Structures are given as structure tokens and as C-alpha cells.
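Visitor: This is the structure I have questions about; it appears just below.
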């Protein structure tokens, strides 16, 4: 039964409140306030504020995306999809779920190559970040305490300046008449300018550059806590530096490596700005595909399906990250 | 041991070169007279002409003002919600749904921005339809929707900062105050807040920066006419390098560097004062 606005609050012939109104009064605001006053302490109210915000603005939106990903695309509609749930006049709920958008994602070659390319780029960028970030964090953790803070400040400082502008800076360095080509040509190392803009190389550079602090900070906070006496003991027992690094430092720093790698890998898969500014024009990444599908084709169901598929791909890494994050917090509490 | 230290130190040096050369080159070429930006024009450079152009550029200036407003509102909202969430998670013990709240507060940290942006926009569109249907209200997407979206993804950062600060000391002070008869709200404002004030301040700055910098989520949830600074910059630099953007970047780098140096200086002074007080307390 549909609730019409005329019905709400209307009285019947005997002057009694209509059924909807009595229902609202019996279970509505007065009862809620009573319930809240009797059962809710201030503590519960404090819990409720951030909880409700996150439910309303973080969880509910995902349910809406999930719903729309199963809708039928109608190019001329406003919004451009057919309703998924519909009340029929007989009081029945009509549910129409289409899996067409999902089928398309895994069959269309453009999409398949975008998925593979995104994961590949994210994976190798993470490795590069680790290769550069690990020795850097190690050196910082081993530096005298006074220098440590300066080094850390220098790592964090670029993070406070605009991400977009830092990516932009690389256009000036990489383009055909850019700084790198000019310098190399000036010293006669190359004869013709190298084509570096709009290549995968540029995307790797951009991602490593932007996400390096996210790798270094968790690694540093892990390496800093290491007990030096372990290494001294290993040294006394005759282990060389390489062996004691492989057998002691590296295994102990696993949580830092995992946290840093996930902090780079997960956003890199969905990176939009870097490939748009520096990347190849003939090979898209998933995020660009999603936004093109949404803004250019106005195909909301397909864009939603891309988002859901991306989320499913990232669920395991995200859960892993949360697991390590919680463990870290628990450890600092003890 | 020596060679190992040498290797990591070399990498550290290389890493700093890698981190700072792009920024310094951007600053350097902002003083170049040539429109080609990276081709140095020795005859007429250095020049401040692009800074003049920047301050005549009404599109950039009004976008910057809008971004400042959004970022300030976002940071304030995120600090309130994030502090409450951090407090709940680290002080309230186990309660029903705690795991879900923990998950909801850390997920936005790693969620790809396109997903957050799309889902927020679809929420706002649904809300528009619902309000239109129920009350005949109409609202346009703009500053309000951008701010709500920004608060949602930045409050996670505040929560993490506050939570780790709260985890670093136990609740004996708070318990003592409660034992002495202070009401919980008073304990919160008189004891907990002063203790976590550094975390709240850095959370505010972090939320401000993230909001000020955000492009992807904003592009999804903004309405016609509400262009933030990153949107304007993005549409300019898509067409290639622009000397005006270099000038803008230089100013922003300068502000950040001054802010970081100032905060380091203040922190050091506070640290010294605390040490002195401790010594005096020990002596007296």
C-alpha cells in the first residue's frame, strides 16, 4: 500500500486519527525519545554520532552502488537507469536484477586489458617503492636521533604539498623539450630527445614518487623499534651482516613491509590522476574507464559494476591492511 | 656492517634527490620568462611576470577561495567526528558493532578515490530523488555535498591519529577524575582533550590538506559552478605545462615549508620547556 501525503494525519469520520498516524504515534518519536531516555546513556549517544555518519555516508552509498550495478541502462532517463525495485499495484514487489554489466566487464577486451594493466602497474610500482623505500627507512632508523626527525620531516614535507602539483611537476621533467631531455642533450649523452611522456615508465615514476612516503613511514616505525642487541648477538656468534640482515632484520620487519606495500598497492590499482596526466593514451587503467563510463557514456549501471568489481578485487588486500592496522594499535597499547 | 650502511645511506640520498628535484625544478621555472616553461630564456629571466598573471586570474583566485572554505569546514567537521570515533574505539571497551565501526573508520584510508566519489554521488542523487518525492525539496550539488564527501573520507585519518595518541597513554588520569566525582563530559573536556590536543591539531591540518588537495571525489560530487582549485588546475595542466601553475605551485610550496619549519620550531621549544620543568621538579 502506498502512503499518500493526504492520508498522513487525516482523521476518519469519528474524529480518530487514521491508522498511519496512530501507528506513528505508538512507535514514532514520543516512544523513541522515551526509549532513548530510559536506555541510552551519554556514552551510547557518543557512539551513535560517528557511527550514524559512517553508516549513512559510507556504507549506504555502497549499497546504492550495488543496487545500480544490477539496473538496466536507459540512455535517455534521468537518472539513466531503470528502477531495480518497483511496487506493483497489487502490492507486490517487482525486483529486476541484470547481470549484463558484469558479463560485459569480463568479456570486453578493452576492459580485460585495463584490469590486467592496472594490477600490473600497481604491483610493479609497489615493488619499486619497496626497493627504494626499504633502504631509505633503514638508513633513517639507523641515523642519530637528532637527524632522524629532520629526515622524517623531509620525507613528509612533499606529502603536505599538493599531490596534483607534484604529478604536474613531472610533466615539466619528462616531456620532449623537458628538463631531463634538455640536460641529457646538453651533456651529449643522447642525440635525440627520449619519448618519456605518455608511457608506462612515466606512470611508474609518478606512482612511486607520489606514494613513497606511504611506504617509508610504516617501514620506519617498524625498523625503529628493532632491538639492536639481537644484531650484536648475531655478530658475536659469527653471522655476517648479510646473514644477520636476512635472518633477523628482514623477518622482523614483515609487518612494516606488508602495511607499506598495501598502502601503495591498493590506491595504485584505482589511480586516476597519474595515468590521466602522464600515462599512455592507448591503454587505460580501470579508474579512468570507470569515470569515462560514468561521465562520457552516462552508463551508470556499468560504472557501478566496475566499482563493485574493483572493490571485490581489493577486498582481500583491504582486509589484510585492517588486520595489520589493528595489530599495530593493539601492540602500541601494551 | 660498513658497506651495508653505505648502501642504505646512498639510497637515502638518492631518494631525497628524487623527492625534491621535481619540486625545485617547478619553483625554478616559475621565474622563467618563456611561455615554454622548461626552455630557459636567459635574456629576460628571472622574472615575476607569471606571479602577476596569477593574481589577475580570477578563475584561479575564486576557486582557491572556495577550496579554502570547503577545506576549513571539512577539517572542523572531520575533527569532531574523528575525535569521537577515536575516543569510542580506544576508550569505550567492547560494545555491539565495534568491529564494524573499526572497519568503517579504516576502510576510507585505502579506498580508491573513484569508488568513494561514485558512491557518494549516487547517494546524493538518491537523496535528491527521495527529498523531491517526500517533501518537494530541491537541492543542488555544490559546496554542501563536496564538504560532506570530504568529511567522510578525511575523518578516517583523524580517527587513526587520535586513536594512536590515546593508545599511547593509559586512562588512569581519566579514571582518577571520574573517581573524584567529575562528570564524563567534564573529564573529556578537561583531561582527555588537553592530552590529545596535538593529535587533534595535526588531524585538523591533515584533513584540511587532504580536502584542499582532492580532485577525484570532488569531480564526482560537485555541481555546476562549484569549481575547486584542484579542478581548475587539472583542466589547465591537461593541456600541458602552464607557467601560471608553476607560480601557484611555488607559493603553495613556500607556505607549506614555512608551516612545517614553524611547527618544528614550536615543538622543539615546547619540548625544551617541558624538560626544564621536569628538571626543576626533580631538583625542587
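Residue numbers (my numbering), protein chains in the order written: chain A, 3 to 336; chain B, 1108 to 1391. Beta carbons are placed, not taken as given, at the ideal position from N, Cα and C, and that holds for glycine. These numbers come from a predicted model, not from an experiment.
1) Is the stretch 1353-1370 of chain B close to the stretch 158-178 of chain A, with three or more CB pairs under 8 Å?
2) When DSSP labels each residue in this structure, what does residue 338 of chain A get in the three-state scheme?
3) Give a yes or no on whether the minimum CB-CB distance between residue 1149 of chain B and chain A is below 8 Å.
4) Among A:78, A:117, A:54 and A:211, which one has its Cα closest to the Cα of residue 1126 of chain B?
5) Taking residue 1442 of chain B as the query, report the chain A residues whose CB atoms sit under 8 Å from its CB, ordered along the chain.
6) Straight-line CA distance for residue 186 of chain A to residue 1128 of chain B?
7) For the beta strand (DSSP E) that contains residue 1395 of chain B, what are its first and last residues?
8) In the DSSP output, what is residue 83 of chain A paired with across the bridge?
9) List the whole-angstrom C-beta distance separating residue 1336 of chain B from residue 1170 of chain B, where the pair is believed to meet the contact cut-off of C-beta under 8 Å.
10) With DSSP as the reference, please indicate the residues paired to residue 95 of chain A in a beta bridge.
11) Scan the stretch 1168-1247 of chain B and note each continuous alpha helix (DSSP H) run of 4 residues or more that stays entirely inside, going in chain order.
12) Is it the case that the Cβ atoms of residue 205 of chain A and residue 276 of chain A are separated by a distance below 8 Å?
13) Nearest-angstrom Cα distance between residue 235 of chain A and residue 141 of chain A?
14) When you compare the CB of residue 1226 of chain B with every CB in chain A, is at least one pair closer than 8 Å?
15) Look up residue 122 of chain A in the DSSP assignment and say whether it is helix, strand or coil.
16) With 8 Å as the threshold, decide whether the Cβ of residue 44 of chain A is near any Cβ in chain B.
17) Examine the Cβ distances between the stretch 294-304 of chain A and the stretch 1236-1245 of chain B and report whether three or more of them are shorter than 8 Å.
18) With DSSP collapsed to three states, give me the class of residue 132 of chain A.
19) Assuming residue 1318 of chain B and residue 1259 of chain B are in contact, meaning their beta carbons sit under 8 Å apart, how far apart are those beta carbons, in whole angstroms?
20) Mind the definition here: the stretch 1190-1210 of chain B touches the stretch 48-61 of chain A only if three or more C-beta pairs lie below 8 Å; say whether that holds.
21) Would you check if there are 3 or more beta carbon pairs closer than 8 Å linking the stretch 1267-1276 of chain B to the stretch 1298-1310 of chain B?
22) Go ahead and label residue 1240 of chain B buried or exposed: buried means 16 or more other beta carbons lie within 10 angstroms of its beta carbon, across all protein chains shown.
23) Could you check if residue 283 of chain A is buried or exposed, using at least 16 other CB atoms within 10 Å of its CB as the buried criterion?
24) The stretch 1173-1185 of chain B: which residues have C-beta closer than 8 Å to a C-beta of chain A, in chain order?
25) Does any CB atom of chain B fall closer than 8 Å to the CB of residue 103 of chain A?
26) Give the straight-line distance between the Cα atoms of residue 90 of chain A and residue 1237 of chain B, rounded to the nearest whole angstrom.
27) Taking residue 1327 of chain B as part of the alpha helix (DSSP H), name the residues at either end of that continuous run.
28) Under a CB-based cut-off of 8 Å, is residue 1382 of chain B close to chain A?
29) When you compare the CB positions of residue 1215 of chain B and residue 189 of chain A, do they come within less than 8 Å of one another, or not?
30) By alpha-carbon positions, which one of A:324, A:304, A:233 and A:325 ends up nearest to residue 1222 of chain B?
31) Looking at the unbroken alpha helix (DSSP H) that takes in residue 146 of chain A, where does it start and where does it end?
32) Against chain A, which members of the stretch 1307-1322 of chain B pass a CB distance test of less than 7 Å?
Guide: According to the data block:
1) yes
2) The requested residue 338 of chain A is not part of the displayed model; chain A covers only 3 to 336.
3) no
4) A:211
5) Here chain B has residues from 1108 to 1391 only, and residue 1442 of chain B is not among them.
6) 15 Å
7) Since the first residue shown for chain B is 1108 and the last is 1391, residue 1395 of chain B is missing from the structure and cannot be characterised.
8) A:75
9) 5 Å
10) A:89
11) 1205-1217 and 1220-1242
12) yes
13) 21 Å
14) yes
15) helix
16) yes
17) no
18) helix
19) With a Cβ gap of about 11 Å, residue 1318 of chain B and residue 1259 of chain B do not count as contacting.
20) yes
21) yes
22) exposed
23) exposed
24) none
25) no
26) 19 Å
27) 1323-1328
28) no
29) no
30) A:304
31) Looking at the DSSP string, residue 146 of chain A is not in any alpha helix (DSSP H), and its letter there is neither H nor E.
32) 1316, 1320 and 1322
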